[in-house]
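Below is one structure, written out as structure tokens, with a few remarks after it.
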Amino acid sequence: MTTPPTAASGGVVTDSPRPATNKVAVIETMTTTPTPNQNQTQNQPTPAAEPPVCIQAREFNSWYGDFQALHGIELDVPTNRVTAFIGPSGCGKSTLLRWFNRMNDTIPSARASGTLDLHGTDLLSTRYDVVDLRRRVGMVFQKPNPFPKSIFDNIAYGPRLHRRYTRSDLAELVEQSLRRAAIWDEVKDRLNQSALGLSGGQQQRLCIARAIAVGPEVLLMDEPCSALDPRSTAAIEDLIRDLRHQYTIVIVTHNMQQAARVSDRTAFFYEGRLVESDETERIFTTPAHRETEDYVSGRFG
Amino acid sequence: MTAAPHDAAGELFELANRGRSRSRHVRDGGEAVVKVVLAGCAGFSVLITALIIGILAYEAVRFFMDVSVVEFLTGTEWSPLLGEEKRFGVWPLVAGTLLVTLVAAIFALPTGLVTAVFLSEYAPSWLRAILKPVLEILAGIPTVVYGFFALLIINPSLQWIAKVVTGEELFGAYSAGAAGIAVGIMILPIVTSLSEDALRSVPRGLRDGAYALGSTRFDTSVRVVIPGALGGIMASYLLAITRAIGETMIVALAAGGLAQLTVLPWRQVQTMTAYMVQIFLGDAPATGVEFKSSFAVAALLFLMTLLLTLAGYRILARFREEYE
Amino acid sequence: MNDETPQNLAMLVDRGEPRSQSRRRAFDRGFLVTCLAITAIAVLALGVLLGSILIEGLPGLRWSFFTEYASRDASKAGIRAPLWGSIWVASICAIVALPIGIATAVWLEEFAPKNRITAFIRLNISNLAGVPSIVYGILGLTLFVRMFGLFGPIQAPELEIGGRLYAIYYDTMQEPIRVPAEERGVAPVLKTGDVGFVQEIEEGADGELIFTDRWTPVTLTIVPEDEDAPEGYGIIEAWQAEEPADFETERPWYYIQFPLGQSVLAGGLTLMLVVLPIVIISSQEALRAVPGSLRTGSLAMGATKWQTTRKVTLPAAVPMIMTGSILAMSRAIGEAAPILVLGVALFITDTPSSLMDSFTVLPMQIYNWTSRWQEDFRALAATGIIVLLMVLLAFNAVAVLIRQKLQRPLS
Numbered sequence: 056m057t058t059p060p061t062a063a064s065g066g067v068v069t070d071s072p073r074p075a076t077n078k079v080a081v082i083e084t085m086t087t088t089p090t091p092n093q094n095q096t097q098n099q100p101t102p103a104a105e106p107p108v109c110i111q112a113r114e115f116n117s118w119y120g121d122f123q124a125l126h127g128i129e130l131d132v133p134t135n136r137v138t139a140f141i142g143p144s145g146c147g148k149s150t151l152l153r154w155f156n157r158m159n160d161t162i163p164s165a166r167a168s169g170t171l172d173l174h175g176t177d178l179l180s181t182r183y184d185v186v187d188l189r190r191r192v193g194m195v196f197q198k199p200n201p202f203p204k205s206i207f208d209n210i211a212y213g214p215r216l217h218r219r220y221t222r223s224d225l226a227e228l229v230e231q232s233l234r235r236a237a238i239w240d241e242v243k244d245r246l247n248q249s250a251l252g253l254s255g256g257q258q259q260r261l262c263i264a265r266a267i268a269v270g271p272e273v274l275l276m277d278e279p280c281s282a283l284d285p286r287s288t289a290a291i292e293d294l295i296r297d298l299r300h301q302y303t304i305v306i307v308t309h310n311m312q313q314a315a316r317v318s319d320r321t322a323f324f325y326e327g328r329l330v331e332s333d334e335t336e337r338i339f340t341t342p343a344h345r346e347t348e349d350y351v352s353g354r355f356g
Numbered sequence: 003m004t005a006a007p008h009d010a011a012g013e014l015f016e017l018a019n020r021g022r023s024r025s026r027h028v029r030d031g032g033e034a035v036v037k038v039v040l041a042g043c044a045g046f047s048v049l050i051t052a053l054i055i056g057i058l059a060y061e062a063v064r065f066f067m068d069v070s071v072v073e074f075l076t077g078t079e080w081s082p083l084l085g086e087e088k089r090f091g092v093w094p095l096v097a098g099t100l101l102v103t104l105v106a107a108i109f110a111l112p113t114g115l116v117t118a119v120f121l122s123e124y125a126p127s128w129l130r131a132i133l134k135p136v137l138e139i140l141a142g143i144p145t146v147v148y149g150f151f152a153l154l155i156i157n158p159s160l161q162w163i164a165k166v167v168t169g170e171e172l173f174g175a176y177s178a179g180a181a182g183i184a185v186g187i188m189i190l191p192i193v194t195s196l197s198e199d200a201l202r203s204v205p206r207g208l209r210d211g212a213y214a215l216g217s218t219r220f221d222t223s224v225r226v227v228i229p230g231a232l233g234g235i236m237a238s239y240l241l242a243i244t245r246a247i248g249e250t251m252i253v254a255l256a257a258g259g260l261a262q263l264t265v266l267p268w269r270q271v272q273t274m275t276a277y278m279v280q281i282f283l284g285d286a287p288a289t290g291v292e293f294k295s296s297f298a299v300a301a302l303l304f305l306m307t308l309l310l311t312l313a314g315y316r317i318l319a320r321f322r323e324e325y326e
Numbered sequence: 002m003n004d005e006t007p008q009n010l011a012m013l014v015d016r017g018e019p020r021s022q023s024r025r026r027a028f029d030r031g032f033l034v035t036c037l038a039i040t041a042i043a044v045l046a047l048g049v050l051l052g053s054i055l056i057e058g059l060p061g062l063r064w065s066f067f068t069e070y071a072s073r074d075a076s077k078a079g080i081r082a083p084l085w086g087s088i089w090v091a092s093i094c095a096i097v098a099l100p101i102g103i104a105t106a107v108w109l110e111e112f113a114p115k116n117r118i119t120a121f122i123r124l125n126i127s128n129l130a131g132v133p134s135i136v137y138g139i140l141g142l143t144l145f146v147r148m149f150g151l152f153g154p155i156q157a158p159e160l161e162i163g164g165r166l167y168a169i170y171y172d173t174m175q176e177p178i179r180v181p182a183e184e185r186g187v188a189p190v191l192k193t194g195d196v197g198f199v200q201e202i203e204e205g206a207d208g209e210l211i212f213t214d215r216w217t218p219v220t221l222t223i224v225p226e227d228e229d230a231p232e233g234y235g236i237i238e239a240w241q242a243e244e245p246a247d248f249e250t251e252r253p254w255y256y257i258q259f260p261l262g263q264s265v266l267a268g269g270l271t272l273m274l275v276v277l278p279i280v281i282i283s284s285q286e287a288l289r290a291v292p293g294s295l296r297t298g299s300l301a302m303g304a305t306k307w308q309t310t311r312k313v314t315l316p317a318a319v320p321m322i323m324t325g326s327i328l329a330m331s332r333a334i335g336e337a338a339p340i341l342v343l344g345v346a347l348f349i350t351d352t353p354s355s356l357m358d359s360f361t362v363l364p365m366q367i368y369n370w371t372s373r374w375q376e377d378f379r380a381l382a383a384t385g386i387i388v389l390l391m392v393l394l395a396f397n398a399v400a401v402l403i404r405q406k407l408q409r410p411l412s
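As they're listed, the protein sequences go chains L, P and R. Numbering of the first sequence is given in my numbering, commencing with residue 56 and proceeding in unit increments. Numbering of the second sequence is given in my numbering, commencing with residue 3 and proceeding in unit increments. Numbering of the third sequence is given in my numbering, commencing with residue 2 and proceeding in unit increments.
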């Protein structure tokens, strides 16, 4: 697929732009084993095998007006893995996520610098068609946002935008998408009823089905469970684990147990900087930084 | 007070108790009086409606003692002031009203919606900051001014265009079309600002969801935002049509004074409101059947607008529920 | 199954025939261009309309236009009467409509229980907002101008408050003499030595006679019917003293008669009916915009509902209420239809000085001038429109200023 990471194994620690303040060091975490195997990633991933990079951020900065929300982010998001973004409120993790499919384009004051590559192509480039980008990089939001349409039309909305389908193909696509999102059995008898009649958890799974119905490679999830009850949360987490090998998933979460449960890799953000990014297990057991340890052990945040 | 000198809480308590206590009865009594006065004011609005209905019904019944209801509602000839035999078939007036309203609606409803979509989905904030006040100014222009436009600018322009295009003198000095366009300009700000409110009340999340699936702005507007705001847009349409039907000064000046059944916008028509103007300006003795007929016309007009307003109210209520 | 599905799904997705991305983009662009074109055309049309009014009307905008009354001669006509009429009518309208409207809004938003009656009142108000203004004119005509005929005809009102009634007699100079009377239609008994009043007359600069508002007392002398009755002020022949020629009411500004007739009071009250629903709805919106935390904060300190409303909620809502009220008043100033229905005279050559005086308003005068065929009068109409729009623009400017100056963030 794409080129494997180029840096040497092990985390390369670079100083923060202003070492004098000595507040937060920026860690650039790279591969531990630079031998990606595509077949392995497709089927049975082993934690040791390193998949190719899907999204790569280099010297990435972002502003809202005069406020700098992100400082010098250096990050690799591996293909067909679940990457969790954690950190206290306002640390910039959602901002970064929203740059991955350029949802920030809809905010007039938002701008960015540096590079953000999707499979080696700069997705921030004005030449990169944002519509095409978002077809490839789907997103699920904090609050379930089904359209005030029927369940069927909610799923069919995206496919219809991009392609022309025969009736039967579309019906099959809708069914398979709903099956993938593990909600088919609950809604198969009422596909023509309004999606607003579903429960919050069902709505969120519907939104996931809607997102995968256009055939994306990447799924961005912005705190997808924060508006849901524990049971629906468990259902969504199961779903994420189910989808992990077919999609590159990036999930922003406030819930550290959730990050530990569902993700392969975890990136910890603090005050607009990426403090460290590593295997989830390592972040939660032997983090390299004090801030990370304090945060994951619940001492602040 | 038994509190120790440096017991701050006790000191505060003592200070608070120093004021002379107010009578609870005075306070509650005043509260009751205020409540009754306020409720009375609210009741006044009900009284107004009751009076309108009562007066119109009373006068209409007196009119129908002279003229049969059947003739009024089914007749196709309206000639209360001219000719040997007075005819009171209301259809020409209703048709005139509907023709002017139709022209206005064809002009204003699509334009208003497109402008609203532009304002809420496309326009940068600085352009909004200019266009919104322009709309407010448009909405504040008295209708008699639009009547002036219709009679002295729009109608002559239509005359000229029709002559250039068809080579015939289609338009006379008055026309339903000119009045209709002016009424359309008048209701345009209503459609735009109410539709825009409806569009903006569609939750941001829906737009985000649509964009995240790879929608263009156009896709998002047409397939998600407009369907989502349909109730509010319909309500704005109904309200605008209500205003168009009840509009008086524009049609009194520009639509003409001849009650005739026609669908041709270059003909002159008399609308229900224009007929009332003609009567109340003193073309008929205040005791004659012609004078009473204007009350029957007013009653019909009131009924039409009442039904439209009620429909709009229903739709809007359901629309608001959807996003609460 | 689960392992197959991804490929399955990707295959399914790919089955559709791709839509042209460039076409989709073209649609998006095309729509934007259409929007801009429509907006440009609308702004242009507005410019043309206002421009044509300026071209037609500006030449007539002289000082004399404001000081002259209506005239059959277009070159001498002015808008003094309708301008003052509009001011009187709008003031009365504001004095009555604002308290009632705001009180209704306060009751609905702060006090009303949630039940069917309240729901009905809400529905009723939004319905009132949709009633055509000409229908309000009919209500005003019946309710205020004629008062259902309960107090007799307009010309001979049966109930008068605050005015002084005089009987008019003519003396041997053929000058009118007025004598205080008790009741309309009942002649006072005149005796020699009674006091009557003669109107003072001045001679104008051009030698024309000007009747002033001043009345001089004069002692009456009743003389028998006689061909040689002496001529002089206050000398009334017996046959003329028996029956007054007319009755007349001197009207201080607070004089009121029932029925109200085509008076400024009737006009103002009719416009009140038109704008009341607007005032109510905009005030409701203003009150609704006050955050609930302010109210709960006040209530939590033990304040009653009314104390909370008066000291916390209303002050916070005042800027928005004022903005809405000003816009409602500008609507009142622009309304012609309801005033027209009242049957006000089109040709007024005096400014109102009491609540019962006859009047006309700016939009009526503009309507009157526009509906005439002569070019000159249409130019006058354009000039009138300029004045009317300037008044409304001033109103709007005040509203905008209030919005900017008074509106502090509430939360």
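By construction, the Cβ of each residue, glycine as well, lies at the ideal position given by its N, Cα and C atoms. These numbers come from a predicted model, not from an experiment.
- Task: Please go through the segment 125 to 153 of chain P and give each complete alpha helix (DSSP H) segment of 4 or more residues, from N-terminal end onward.
- Result: 127 to 142 and 145 to 151
- Which listed residue (L/269, L/239, L/246 and L/270) has its alpha carbon closest to that of residue 260 of chain L: For this step, residue 260 of chain L is matched to residue 205 along the first sequence. Selected option, being the one with the closest Cα: L/239.
- Task: Measure the alpha-carbon distance for residue 372 of chain R versus residue 191 of chain R and round it to whole angstroms.
- Result: Residue numbering aside, residue 372 of chain R sits at position 371 when the third sequence is read from its first letter. Residue numbering aside, residue 191 of chain R sits at position 190 when the third sequence is read from its first letter. Residue 372 of chain R and residue 191 of chain R: Cα-Cα distance of roughly 51 Å.
- Would you check if there are 3 or more beta carbon pairs closer than 8 Å linking the segment 309 to 318 of chain R to the segment 289 to 296 of chain R? yes
- Task: Flag residue 183 of chain L as yes if its beta-carbon sits less than 8 Å from any beta-carbon of chain R, otherwise no.
- Result: Here residue 183 of chain L refers to the residue found at position 128 of the first sequence. Taking Cβ atoms only, chain R never reaches closer than 8 Å to residue 183 of chain L, which makes this a no.
- Give the C-beta separation of residue 295 of chain P and residue 82 of chain P to the nearest angstrom, bearing in mind that I take them to be a contact with Cβ-Cβ under 8 Å. Position 293 of the second sequence holds residue 295 of chain P. Position 80 of the second sequence holds residue 82 of chain P. Yes, residue 295 of chain P and residue 82 of chain P are in contact; Cβ-Cβ is about 6 Å, under 8 Å.
- Is residue 97 of chain P helix, strand or coil when you go by DSSP? Taking the second sequence and counting its residues from 1, the one referred to as residue 97 of chain P is at position 95. If DSSP states are grouped into helix, strand and coil, residue 97 of chain P belongs with the helices.
- Backbone CA spacing between residue 263 of chain P and residue 185 of chain P [nearest angstrom]: Taking the second sequence and counting its residues from 1, the one referred to as residue 263 of chain P is at position 261. Taking the second sequence and counting its residues from 1, the one referred to as residue 185 of chain P is at position 183. Cα to Cα, the separation comes out at about 20 Å.
- Query: How would you label residue 360 of chain R, buried or exposed, when you count the other beta carbons within 10 angstroms and need 16 or more for buried?
  - Reply: Working through the third sequence from its first residue, we reach residue 360 of chain R at position 359. It counts as buried.
- Item | Straight-line Cα distance separating residue 150 of chain P from residue 65 of chain R | Within the third sequence, numbered from 1, the residue matching residue 65 of chain R stands at position 64. Within the second sequence, numbered from 1, the residue matching residue 150 of chain P stands at position 148. In a straight line, the C-alpha of residue 65 of chain R is about 23 Å away from that of residue 150 of chain P.
- Message: Using the three-state DSSP reduction, which class does residue 174 of chain R fall into: helix, strand or coil?
- Response: Within the third sequence, residue 174 of chain R is the residue found at index 173, counting from 1. Coil, per DSSP.
- Task: Please confirm if residue 19 of chain P has its CB atom under 8 Å from at least one CB of chain R.
- Result: In the second sequence, the residue the question calls residue 19 of chain P occupies position 17. No, residue 19 of chain P does not count as interfacial toward chain R.
- Task: Find the residues of chain L that neighbour residue 11 of chain R, judging by a C-beta separation of less than 8 Å, and give them in chain order.
- Result: Sequence index remark: in the third sequence, residue 11 of chain R carries index 10 (1-based). Here the neighbours are 270.
- Hey, is the segment 333 to 348 of chain L in contact with the segment 119 to 131 of chain L, meaning 3+ C-beta pairs nearer than 8 Å? no
- Query: Given 8 Å as the limit, is there contact between the segment 84 to 98 of chain R and the segment 25 to 40 of chain P, that is, 3 or more CB pairs closer than that?
  - Reply: no
- Item | C-beta neighbour in chain R for residue 317 of chain L, strict 8 Å | Walking along the first sequence from the start, residue 317 of chain L turns up at place 262. Taking Cβ atoms only, chain R never reaches closer than 8 Å to residue 317 of chain L, which makes this a no.
- Start-to-end residues for the alpha helix (DSSP H) that takes in residue 187 of chain P: Counting from 1 along the second sequence, the entry for residue 187 of chain P is found at position 185. Residue 187 of chain P -> alpha helix (DSSP H) spans 178 to 202.
- Leaving out five residues before and five after residue 105 of chain P in sequence, what residues of the same chain have Cβ atoms less than 6 Å from its Cβ? Along the second sequence, one-based indexing puts residue 105 of chain P at 103. The answer, listed in chain order, is 179, 182 and 267.
- Message: Does the contact criterion of 3 or more C-beta pairs under 8 Å hold for the segment 230 to 242 of chain P versus the segment 36 to 51 of chain R?
- Response: no
- Query: What runs of the alpha helix (DSSP H), each 4 residues or longer, lie entirely inside the segment 256 to 290 of chain R?
  - Reply: 265 to 289
- Item | the segment 144 to 151 of chain L in contact with the segment 304 to 324 of chain L per 3-pair CB rule at 8 Å | yes
- Task: Determine, using beta-carbon pairs with one atom in the segment 216 to 223 of chain L and one in the segment 238 to 257 of chain L, whether at least three such pairs fall under 8 Å.
- Result: no
- Three-pair Cβ contact test at 8 Å for the segment 155 to 163 of chain P versus the segment 59 to 77 of chain R: no
- Short CB-CB distance (under 8 Å) between residue 150 of chain P and chain R: Residue numbering aside, residue 150 of chain P sits at position 148 when the second sequence is read from its first letter. Yes, its Cβ sits closer than 8 Å to a Cβ of chain R.
- DSSP three-state assignment for residue 167 of chain L, whether helix, strand or coil: Here residue 167 of chain L refers to the residue found at position 112 when the first sequence is read from its first residue. If DSSP states are grouped into helix, strand and coil, residue 167 of chain L belongs with the strands.
- Item | Coil, strand or helix - residue 158 of chain L by DSSP | Here residue 158 of chain L refers to the residue found at position 103 of the first sequence. Reduced to three states, the DSSP call for residue 158 of chain L is helix.
- Item | Reference residue 136 of chain R; option with closest CA among P/37, P/321 and P/302 | As a position in the third sequence, residue 136 of chain R is number 135, starting the count at 1. Minimum Cα distance to residue 136 of chain R is reached at P/302.
- With burial defined as no fewer than 16 other Cβ atoms inside 10 Å of the residue's Cβ, what is the status of residue 181 of chain L: buried or exposed? Looking up residue 181 of chain L in the first sequence gives position 126. Exposed is the call here.
- Query: Beta carbon of residue 337 of chain R, beta carbon of residue 146 of chain P: below 8 Å?
  - Reply: Position 336 of the third sequence, counted from the start, is the residue given in the question as residue 337 of chain R. Position 144 of the second sequence, counted from the start, is the residue given in the question as residue 146 of chain P. Result yes, Cβ atoms of residue 337 of chain R and residue 146 of chain P sit closer than 8 Å.
- Among the residues of its own chain, which have a CB less than 6 Å from the CB of residue 54 of chain R, if the five just before and after it don't count? Start at 1 with the first residue of the third sequence, and residue 54 of chain R comes out as number 53. For residue 54 of chain R, where only same-chain residues beyond five positions count, the Cβ hits under 6 Å are 383 and 386.
- Near residue 141 of chain P, which residues of its chain fall below 8 Å by C-beta distance, leaving aside the five closest residues on each side in sequence? Here residue 141 of chain P refers to the residue found at position 139 when the second sequence is read from its first residue. Here the set comprises 191, 192 and 195.
- Which first and last residues belong to the beta strand (DSSP E) in which residue 131 of chain L is found? What you label residue 131 of chain L is simply residue 76 of the first sequence in a count that begins at 1. Run containing residue 131 of chain L: 122 to 133, per the beta strand (DSSP E) assignment.
- Item | Short CB-CB distance (under 8 Å) between residue 1 of chain R and chain P | Nothing about residue 1 of chain R can be read from this structure; chain R reaches only from 2 to 412.
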